[in-house]
Amino acid sequence: MSVPPRAVQLNEANAFLKEHPEVLYVDLLIADMNGVVRGKRIERTSLHKVYEKGINLPASLFALDINGSTVESTGLGLDIGDADRICYPIPDTLSNEPWQKRPTAQLLMTMHELEGEPFFADPREVLRQVVSKFDDMGLTICAAFELEFYLIDQENVNGRPQPPRSPISGKRPQSTQVYLIDDLDEYADCLQDILEGAKEQGIPADAIVKESAPAQFEVNLHHVPDPLKACDYAVLLKRLIKNIAYDHEMDTTFMAKPYPGQAGNGLHVHISVLDKDGNNIFTSEDPEQNAALRHAVGGVLETLPASMAFLCPNVNSYRRFGAQFYVPNAPSWGLDNRTVALRVPTGSPDAVRLEHRVAGADANPYLMMAAVLAGVHHGLTNKVEPGEPIEGNSYEQLEQSLPNNLRDALRELDDSEILNKYIDPKYIDIFVACKESELEEFEHSISDLEYNWYLHTV
């Protein structure tokens, strides 16, 4: 991937600064392995320099655990002297931050080697490498995310979240009724500001729906014919939601399972594949007879166990699974069936697509997309057949077979011959090292439940 011509970059900067003379600062953003946005804040007068020369950030940024500590076993920390790489702007990501009191803009960045080549451990580059295989086939991926989140109170109870009081009624919500319009009204100002903020930032969010737990909502992003851009939008949307909610004196969480007994937060992605003429190759009156669709499904299902560590990257991720919460726990597919891992919507022939329903909202969108598209490409090129689609309740027909904990998921990823062909094995080593480090710390901690059970009883 070459860096865009300097003249094009400077034109983008000049046009933005001219249109927004009020802007004082610019936040330079880059998403780490966990999808956490990090970076630097500069004054507007330094923006041209950023477009001309980039900014330096340490390679260890992509070896950080969930707490922001460098995992030295990745080899990206002290072993290389915590050396810098250079980050360049991603075109068309310069926009205002509507929540800031002091006018501030933001700009997404991606990391490169000092010589200019993309840095292999940037999750965006991990995805770009997979997408390039479709480019070689003359195919374009069209993608859209659905992102779930909870609004939560800024005050926790004994370290645990609670729903925020409604700005209208002053009560904490109890409703578990999905699509309930009245619940949207309770937080209308915040939710409307999210949609308006997305529009101001160029993020194609076109709807918010009430999900099946108190103060849980889903934002739908419109499909775009660029999976990298789709992931950029997802990363920026999470940041927007968090900051808009904070302006409304609320917090948010994208934690996979914040409440026992309530639905978790998912990250669904819709994918179709376009040929060189822009036609959806999945288009069909009878999707079961579409070979390209079947093969794509077959490839994704075959790689699903090895993909789980990217789809569900945290210890908490696996608490989300359960039939009552519509989270599939076995490789399965079906037509208009929300109990399966891969749903194929069939509303109209030209809208036939894959809906991947496994990942949690805590997943890094770039890594999730890379894993899913690796499966699609594997299926298309190897003509993998998926078996018969599931009709009815898949939970009653299939035993749980996907990894149900992080350690098993990491083993599946590490051992996968297929994913190691699509994702640089050096990156898989880094990812596994970071997650095993988190897992080791988790397993050495002692939970409140252990004290309750064992302190005075054994």
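So that you can map any letter, position 336 of the sequence shown is 336 in full-length UniProt numbering, and since no number is skipped, the others follow by simple counting.
Note that the Cβ used here is the ideal one computed from N, Cα and C, for glycine as well.
Remember, predicted model here, so these are calculated numbers, not experimental data.
I'd like to know whether the C-beta atoms of residue i and residue j end up nearer to each other than 8 Å.
| i | j | result |
| --- | --- | --- |
| V23 | T93 | no |
| W99 | I244 | yes |
| N279 | T339 | no |
| A341 | P328 | yes |
| A31 | P89 | no |
| P313 | D362 | yes |
| I203 | L237 | yes |
| V300 | G387 | no |
| residue 459 | L151 | Residue 459 falls outside the range modelled here, since the chain spans only 1 to 458, and no answer is possible. |
| V224 | A144 | yes |
| L293 | V352 | yes |
| F325 | G264 | yes |
| T350 | T253 | The question names Thr, but residue 350 in the sequence shown is Asp. No, they are not a contact pair. |
| L184 | V315 | no |
| D232 | L108 | yes |
| I141 | I241 | no |
| K257 | R319 | yes |
| S332 | I418 | no |
| G54 | I86 | yes |
| V384 | L413 | no |
| E302 | G375 | yes |
| L311 | A359 | yes |
| G266 | E148 | yes |
From which residue to which residue does the beta strand (DSSP E) around residue i run?
| i | result |
| --- | --- |
| D135 | Per DSSP, D135 belongs to no beta strand (DSSP E); it is in the alpha helix (DSSP H), P123 to D136. |
| I420 | One detail in the question is off: residue 420 reads as Asn in this sequence, not Ile. Here N420 belongs to no beta strand (DSSP E); instead the alpha helix (DSSP H) covers L419 to Y422. |
| K210 | A205 to K210 |
| A143 | T140 to I152 |
| L28 | Y25 to A31 |
| K40 | V37 to E43 |
| residue 464 | There is simply no residue 464 to check, as the chain begins at 1 and stops at 458 in what is shown. |
| V71 | No beta strand (DSSP E) contains V71, which DSSP labels as neither H nor E. |
| I86 | D84 to P89 |
| L221 | Q216 to L221 |
| A59 | First-last for A59: undefined, no H or E at that position. |
| M109 | T104 to H112 |
| T93 | Counting along the chain, T93 falls outside any beta strand (DSSP E), and DSSP gives it neither H nor E. |
| H356 | L354 to H356 |
| T253 | D251 to T253 |
Along the alpha helix (DSSP H) that carries residue i, what are the first and last residues, could you check?
| i | result |
| --- | --- |
| A361 | Where A361 is concerned, there is no enclosing alpha helix (DSSP H), given that its DSSP letter is neither H nor E. |
| V344 | Not the alpha helix (DSSP H): V344 falls in the beta strand (DSSP E), residues L342 to V344. |
| I194 | A188 to E200 |
| L240 | P227 to D247 |
| E443 | P425 to E443 |
| L406 | L406 to D415 |
| E450 | D448 to Y454 |
Should residue i be labelled buried (16 or more other beta-carbon atoms within 10 Å of its own) or exposed?
| i | result |
| --- | --- |
| R102 | exposed |
| M255 | buried |
| P118 | buried |
| H456 | exposed |
| G334 | buried |
| I194 | buried |
| S447 | exposed |
| K276 | exposed |
| E19 | exposed |
| E443 | exposed |
| Y451 | exposed |
| S95 | buried |
| H222 | exposed |
| A291 | exposed |
| S416 | buried |
| S2 | No answer about S2 holds up, because its pLDDT of 47 lies below 50 and its placement is not dependable. |
| A306 | buried |
| V131 | buried |
| Q289 | exposed |
Quick one: is residue i near chain C, going by C-beta distance under 8 Å?
| i | result |
| --- | --- |
| S212 | Among the protein chains of the structure shown there is no chain C, as only one such chain exists. |
Checklist entry - Contact between the stretch 422 to 440 and the stretch 365 to 376: three or more CB pairs below 8 Å? => result In this structure the stretch 422 to 440 lies against the stretch 365 to 376, because at least three pairs of beta carbons, one per stretch, are closer than 8 Å.
Checklist entry - For the stretch 274 to 339, which segments carrying the beta strand (DSSP E) assignment without a break, of at least 3 residues, lie completely within its bounds, in sequence order? => result Those beta strand (DSSP E) runs which fall completely within the stretch 274 to 339 and span 3+ residues are 333 to 335.
Checklist entry - Per the contact definition of three or more C-beta pairs closer than 8 Å, is the stretch 162 to 176 in contact with the stretch 395 to 413? => result With the cut-off at 8 Å, the stretch 395 to 413 and the stretch 162 to 176 do not touch.
Checklist entry - Using 8 Å as the threshold, is the stretch 428 to 447 in touch with the stretch 54 to 70, meaning 3 or more CB pairs across them? => result With the cut-off at 8 Å, the stretch 428 to 447 and the stretch 54 to 70 touch.
Checklist entry - Does the stretch 152 to 165 touch the stretch 45 to 65, meaning 3 or more C-beta pairs lie closer than 8 Å? => result Output reads no: the stretch 152 to 165 does not touch the stretch 45 to 65.
Next on the checklist: Whether or not the stretch 126 to 133 and the stretch 73 to 90 are in contact is what I'm after, with contact meaning three or more pairs of Cβ atoms, one per stretch, closer than 8 Å; do they touch?
Outcome noted: Cβ pair count under 8 Å is below three, so no.
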